[in-house]
Each structure stands twice: as structure tokens, then as C-alpha cells.
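S.K.: Right, I'll just put the structure down here and ask away after.
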Amino acid sequence: MVHSEEYELSNIYGNLDNLSVSRNIIKSSSNEDDKETSSGGKVYRVVAVALGLLCLLLAGLIVYLFVAHLSHEKTATLEKDQLKSVISDLEDKTKNLTEGTNELEKELAASVSKHNSVTEERDNLTKTLFETQAKMKSLSEEKDELQRTLNVLGQGNWIISSGSAYYVSTTEDSWEAARRDCQNRQADLMVINNLGEQKFANQLNEYMWIGLTDLEVEGTWRWVDTTLMMTSYWTESEPNGDRKENCGNIKNFNSERSWNDDECSKKLRWICEKRILQ
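If you're matching positions, the sequence shown starts at 5 in the numbering used here and goes up one per residue.
Pasting the structure below:
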């Protein structure tokens, strides 16, 4: 029992000795580690400081970039707002210009319409003026013609019928001389275009020259006013003089068909005609 207790105490003391040795070893080892840690710690601290500075630089750079980004975004936003404002102003101005242009176009259209209306009225007035002047000229010419006619009629021996004045000569002469006499009286040898004029000429009961001839083209009878003979009142078998008898006259005045062709040099009375009313 005592031995057992001594043995246990001996083991305890042995363990204590072993613990003391272990502690020394550990301490010794710890001292060596401390030496190594001391030299490595300096490196770690340098690295840590460098990393810290790098982190600070990175953080500063990040902050700078963030601030720059915010500033750029703010500037871009301001520019965008300004552009929107400018665009809005331009749109308003464009709208106003468009409205103004539309108003100007309306005013221009109204002015053009008014101008056209005024131009049309002016043209109508000008046309009316020209027509009035032409009518006045025509009336003046008619007045002068009537005055000349009255002057001629005042000479006597003129007969008024169906808008014309007729003069029957009191002497005899050739067809050409008869025509010259009529022209000297501002008239010409009588032209007969209808039955009324034919009856009027017949009732004068004169063997006389009228204004009918085929001197220019044989067989083509024309009046002294250059018109072709369209209606004729030739006596039966007339005209029959061929190239010798080229001037027309009234010979058989007791018949409706009283015309005859004779040699133009034959001396006969004649009838002149002067139109009073055109």
C-alpha cells in the first residue's frame, strides 16, 4: 500500500520533471520561433503597409472614378436637359414658323385671288373700253358715211331702198366709164343678190349697166365687190356673148329674168348703189 503510494508519487514527480523538461523545450522552441517571427514580421509589416497603401490608392482611385462618373453623369444629364430644352424651343419655333407660314400662305393665296380678281376686272374693263371705243369708232364711221350719203343724196336723183341709195344716170357710156362715175360718187355699180333687189331694178324701166362681169375669167361672172354670182336672173339663152360680151346689164325689164350680156364698150345708162346701212 505504501509502496503503491510511493510509486504513484514517484510517477507524479517523474511526470512533473517531464513536464518541466517539456516546458523548457517548448520555451526554447518558442524563443527560436520568436526570433524567426521577429525577422518575418518585419517583412509582413512592409507587405501589409504596401497592401494598405495599395488599397488606399485603389480606394482613392475608385472614389475618384466614382466621383468623376457622377460628375460626368451629372454633366451629361445637364447637357441632355439642355438639349431637350433647345429641342423643345426649336420645336416651338418650328411650330410657330409653320403656323406663320400657313398664315402667310393663306394671305398670299388671298392676295393672289384678289389680284386675279382685280386683273380679271381690269381685263374686263379694258375689253369693255376697247369694245366701246370700237363701237364709238364704228358709230363715228357710220355717222361720217351717213353724212357723205346725205351730201350725195343732196345732189339729187338718188333713190332710197332697203338700206341703200341708188342713182340712175341720165347719160349713156361704156361699162368701165359707168363704173368710174359710180366710184366718183362714193358708190359702185349695183349688185343684185336677191329677188327684192331684182324687182326694184326692173321697175326702173331702164336698159342699164349693173355691176356684173366675167372680164377676168371667161364664164366666171363676178360682182364688182369681187363676190361670185350665186343667184342669177338671166334672160333665157343668156349669157351668150362668149368672149365678146363680158359685161352684164338689165335689158328685158318687163320680165323677172331680165339680165343680158353685152360688149363692155356699148354705151348704156347705168345704176349706182351706195350702202347706207351695213
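Beta carbons: idealized from backbone N, C-alpha and C, even for Gly. All values reported here derive from a predicted model rather than from experimental measurement.
(1) For my contact list, E145 and V195 are in at a C-beta cut-off of 8 angstroms; report their separation, rounded to the angstrom.
(2) What residue range is occupied by the uninterrupted alpha helix (DSSP H) comprising N250?
(3) Where does M234 fall in DSSP's three states?
(4) With H, G and I counted as helix, E and B as strand and the rest as coil, what does DSSP make of L179?
(5) Only counting runs of 3 or more residues, tell me where the beta strand (DSSP E) segments fall wholly within the stretch 170 to 220, in order along the chain.
(6) Could you please give me the residues that DSSP links to D266 through a beta bridge?
(7) Closest by CA to E222, which one among M140, G252, K203 and T239?
(8) Could you check which residue in D185, N209, A80 and G167 has the C-alpha nearest to that of G215?
(9) DSSP three-state label for S75, please.
(10) Expressed to the nearest angstrom, what Euclidean distance is found between the alpha-carbon atoms of S121 and T130?
(11) Considering only their Cβ atoms, is the gap separating W263 from T224 smaller than 9 angstroms?
(12) Roughly how far, in whole angstroms, is the beta-carbon of I254 from the beta-carbon of N198, given that I think they are within contact range, below 8 angstroms?
(13) What residue range is occupied by the uninterrupted beta strand (DSSP E) comprising I163?
(14) Tell me whether C59 counts as near the ligand MN, meaning its Cβ is closer than 8 angstroms to at least one heavy atom of that ligand.
(15) Taking only the alpha-carbon atoms, compute the straight-line gap between L87 and N106 and give it to the nearest angstrom.
(16) Expressed to the nearest angstrom, what Euclidean distance is found between the alpha-carbon atoms of E176 and Q202?
M.R.: This is what the structure holds:
(1) Numbered from its first residue, the sequence shown carries residue 145 at position 141. Numbered from its first residue, the sequence shown carries residue 195 at position 191. E145 to V195, Cβ: 21 angstroms. No contact.
(2) Numbered from its first residue, the sequence shown carries residue 250 at position 246. Here N250 belongs to no alpha helix (DSSP H), and DSSP marks it neither H nor E.
(3) Sequence index remark: in the sequence shown, residue 234 carries index 230 (1-based). M234 falls in the coil class under three-state DSSP.
(4) The residue you call residue 179 lines up with position 175 of the sequence shown. The question names Leu, but residue 179 in the sequence shown is Trp. Here W179 sits in helix by DSSP.
(5) If you keep only unbroken beta strand (DSSP E) runs of at least 3 residues inside the stretch 170 to 220, you get 212 to 217.
(6) Mapped onto the sequence shown, residue 266 falls at position 262. Per DSSP, C251.
(7) Locating residue 222 in the sequence shown gives position 218, where the first residue counts as 1. Minimum Cα distance to E222 is reached at G252.
(8) Within the sequence shown, numbered from 1, the residue matching residue 215 stands at position 211. G215 has its Cα closest to that of D185, out of D185, N209, A80 and G167.
(9) Taking the first residue of the sequence shown as 1, we reach residue 75 at position 71. S75 sits in a helix when the DSSP states are folded into three classes.
(10) Here residue 121 is taken as the residue at index 117 of the sequence shown, counted from 1. Here residue 130 is taken as the residue at index 126 of the sequence shown, counted from 1. Straight through space, the alpha carbons of T130 and S121 are spaced by roughly 14 angstroms.
(11) Within the sequence shown, the letter at position 220 stands for residue 224. Within the sequence shown, the letter at position 259 stands for residue 263. At a Cβ-Cβ threshold of 9 angstroms, T224 and W263 do not count as neighbours.
(12) Within the sequence shown, the letter at position 250 stands for residue 254. Within the sequence shown, the letter at position 194 stands for residue 198. Rounded, the Cβ-Cβ distance is 15 angstroms, inconsistent with contact.
(13) Counting from 1 along the sequence shown, the entry for residue 163 is found at position 159. In the DSSP annotation of this structure, the continuous segment of the beta strand (DSSP E) that includes I163 starts and ends at W162 to S165.
(14) With respect to small molecules bound, the structure shown includes none, and the ligand MN cannot be examined in it.
(15) Looking up residue 87 in the sequence shown gives position 83. Looking up residue 106 in the sequence shown gives position 102. Whole-angstrom Cα-Cα distance: 28 angstroms.
(16) If you number the sequence shown from 1, residue 176 lands on position 172. If you number the sequence shown from 1, residue 202 lands on position 198. Taking the straight line joining both Cα atoms gives about 21 angstroms.
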